[in-house]
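Engineer: The structure under discussion is supplied below as structure tokens; questions concerning it will follow.
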Amino acid sequence: MTTHIEFWLYPQCMGSAVTGMTDLLHIANAMAQAGHTTPRATLFSWSLHSLDGQAVQCSSGLRLNCDGRIGSGPPPDLVLLPGLFVGHGMRAFRDVRQQLQPLHSMLRERHAESCLIAAHCSAVFLLADAGLLQQRKATVPWWLEYQFHQEFPDTTLQVADMLVNDAGLITTGAATAYLQLAHHLIVQFGGVELATQLASTLLIDAQRQSQLPYVQTQQHYPVDNVPEDALIQRAHLWLTRHQKQAFSLTALAQHLAVSERTVIRRFSQLLNTTPGKYAQRLKLEVARRLLEQTDLSLDDIALRIGYQDSSAFRRLFRRSYDCSPSAWRHLANNKA
């Protein structure tokens, strides 16, 4: 049985999510056929569609010809929405999404027809714009978590995950997560053995299931996006300067000359986190850099970020990055 995938294209979409995915699916088809003397049904087929059926220029300038208009044919097995380029800023990103409102009703219709829908990278916003992620679980690129939560607070974000599937609505993390998406689809429709063979052949890390190792605090919690809030700016500066001390909400509130409750409320409203978790993330980034760039012992690194007990630091690091500090250092050294 052949699984048919429709790629819905639009201006400023990322070409890699289309060309990369189709290359992987094509190779999966070839691997599935290999070793069989008689022809077998093709595992995957695909077609490209746009709102007007015409060629689409991707964000990189690449032009992709389309096979027809979106919604003009029978329902496919899966609709794939490639991510949108966000490099021109959030205002431009919102403008592009506004232009894609005609997709909303068609997405809802396809979902009602039990069609799987996969949103790659920033295209998760398109699913949310269509109202399909209300009271659902989803992931987004980690650096868009703040923006997404501001717009769609009714969606339960699982940003640590590279891929989330909730009721046939598949969402992924940032750009190269299309590799994990392809692996997920090949497992589902072709089996674990084929997916493992393809991952090994093409050097795809099938175990890469978390975005957390890639998070950079300044992008994850965009302090610069709330310049009108001097309290957040001052809190960030104070926390950065006091990373060698254990976090104290009382000390932070005293420095800011506000109540502890005010600090907690402001962090929750503007950054969707707590002061303690924000401070923790800053400390962990320092620890990551020290692991990658120095030969300091784990005890010394723990002390430098305010942990007298290195075992507590080890537990926090493993919980945050799904690996031990020693394993992180080993991985960084191997990459170098």
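Using the UniProt record's numbering, read the sequence shown as starting at 1 and increasing by one per residue.
For glycine and all other residues, C-beta sits at the position ideal for the given N, C-alpha and C.
This structure is a prediction, so every number in the text was calculated from the model and none was measured.
(1) Who does residue 29 pair with in a DSSP beta bridge?
(2) Just to check my reading of the structure: residue 194 and residue 32 have Cβ atoms closer than 8 angstroms, yes? What is that Cβ distance to the nearest angstrom?
(3) Alpha carbon to alpha carbon, what distance is there between residue 183 and residue 18?
(4) Please report how far the alpha carbon of residue 132 lies from the alpha carbon of residue 166, in whole angstroms.
(5) Nearest to residue 27 by CA position, among 198, 151 and 213, is which residue?
(6) On the CB-based measure, 16 or more other CB atoms within 10 Å of its CB, does residue 280 come out buried or exposed?
(7) In the region 16-86, which residue ranges form an unbroken alpha helix (DSSP H) of at least 4 residues, counting only runs that do not cross its ends?
(8) Using C-beta distances below 6 angstroms, list every residue in its chain close to residue 81, excluding the 5 sequence neighbours before and after it, in chain order.
(9) Going by the CB atoms, is the gap between residue 64 and residue 15 shorter than 8 angstroms?
(10) Which of the three DSSP states, helix, strand or coil, is assigned to residue 255?
(11) Considering only residues of the same chain and omitting the five flanking positions on each side of residue 39, which have a CB-CB separation below 6 angstroms?
(12) If I follow the unbroken beta strand (DSSP E) through residue 5, where does it start and stop?
(13) Would the region 96-103 count as touching the region 136-153 if we require 3 or more Cβ pairs under 8 angstroms?
(14) From the DSSP secondary-structure annotation, give me the bridge partner or partners of residue 166.
(15) Report all residues from its chain with a CB closer than 6 angstroms to the CB of residue 227; omit the five preceding and five following residues, and keep chain order.
(16) So is residue 12 buried or exposed if we call it buried at 16+ other beta carbons inside 10 Å?
(17) Between 73, 277 and 90, which lies nearest to residue 110 when the distance is taken from Cα to Cα?
(18) Starting from the Cα of residue 60, find the closest Cα among 10, 117 and 191 and give me that residue.
(19) Can the beta-carbon of residue 212 be found closer than 8 angstroms to that of residue 320?
(20) Measuring alpha carbon to alpha carbon, tell me which of 232, 256 and 333 ends up nearest residue 288.
(21) With contact counted as at least three CB pairs below 8 angstroms, one residue from each stretch, are the region 269-278 and the region 293-309 in contact?
Structural biologist: On the basis of the coordinates in this document:
(1) Indexing the sequence shown from 1 puts residue 29 at position 29. Answer is none; residue 29 lacks a bridge partner.
(2) As a working note, residue 194 is residue 194 in the sequence shown. As a working note, residue 32 is residue 32 in the sequence shown. Yes, residue 194 and residue 32 are in contact; Cβ-Cβ is about 6 angstroms, under 8 angstroms.
(3) Counting from 1 along the sequence shown, the entry for residue 18 is found at position 18. Counting from 1 along the sequence shown, the entry for residue 183 is found at position 183. Rounded to whole angstroms, residue 18 to residue 183 spans 15 angstroms at the Cα level.
(4) One-based indexing of the sequence shown puts residue 132 at position 132. One-based indexing of the sequence shown puts residue 166 at position 166. Those two C-alpha atoms are separated by around 11 angstroms.
(5) Counted from its first residue, the sequence shown places residue 27 at position 27. The candidate whose alpha carbon is nearest that of residue 27 is 198.
(6) The residue given as residue 280 occupies position 280 in the sequence shown. Flag for residue 280 reads buried.
(7) 16-33
(8) Start at 1 with the first residue of the sequence shown, and residue 81 comes out as number 81. 8, 119, 123 and 126.
(9) Along the sequence shown, one-based indexing puts residue 15 at 15. Along the sequence shown, one-based indexing puts residue 64 at 64. Against a cut-off of 8 angstroms, the Cβ pair of residue 64 and residue 15 comes out as a contact.
(10) Here residue 255 refers to the residue found at position 255 of the sequence shown. The answer is helix: DSSP assigns residue 255 an H, G or I state.
(11) Numbered from 1 along the sequence shown, position 39 holds the residue referred to as residue 39. Same-chain partners within the cutoff: there are none.
(12) By 1-based counting over the sequence shown, the position of residue 5 is 5. It spans 3-8 - the beta strand (DSSP E) in which residue 5 sits, taken as one unbroken run.
(13) no
(14) On the sequence shown, residue 166 is found 166 positions in, with the first residue counted as 1. DSSP lists 169 as partners of residue 166.
(15) To locate residue 227, count along the sequence shown from 1; it is residue 227. Low local confidence applies: a pLDDT of 47 at residue 227 is under 50, so the model's placement there is unreliable, with the coordinate-based value given in what follows. So the list is empty, once near-sequence residues are dropped.
(16) Here residue 12 refers to the residue found at position 12 of the sequence shown. Per the 10 Å Cβ criterion, buried.
(17) Taking the sequence shown and counting its residues from 1, the one referred to as residue 110 is at position 110. For the residues 73, 277 and 90, the minimum Cα distance to residue 110 belongs to 73.
(18) Counting from 1 along the sequence shown, the entry for residue 60 is found at position 60. Comparing Cα-Cα distances from residue 60 to each of 10, 117 and 191, the minimum goes to 10.
(19) Numbered from 1 along the sequence shown, position 212 holds the residue referred to as residue 212. Numbered from 1 along the sequence shown, position 320 holds the residue referred to as residue 320. Yes; because the gap between Cβ atoms is below 8 angstroms, this pair is in contact.
(20) Stepping through the sequence shown from its first residue, residue 288 is reached at position 288. With distances taken between Cα atoms, residue 288 lies closest to 333.
(21) no
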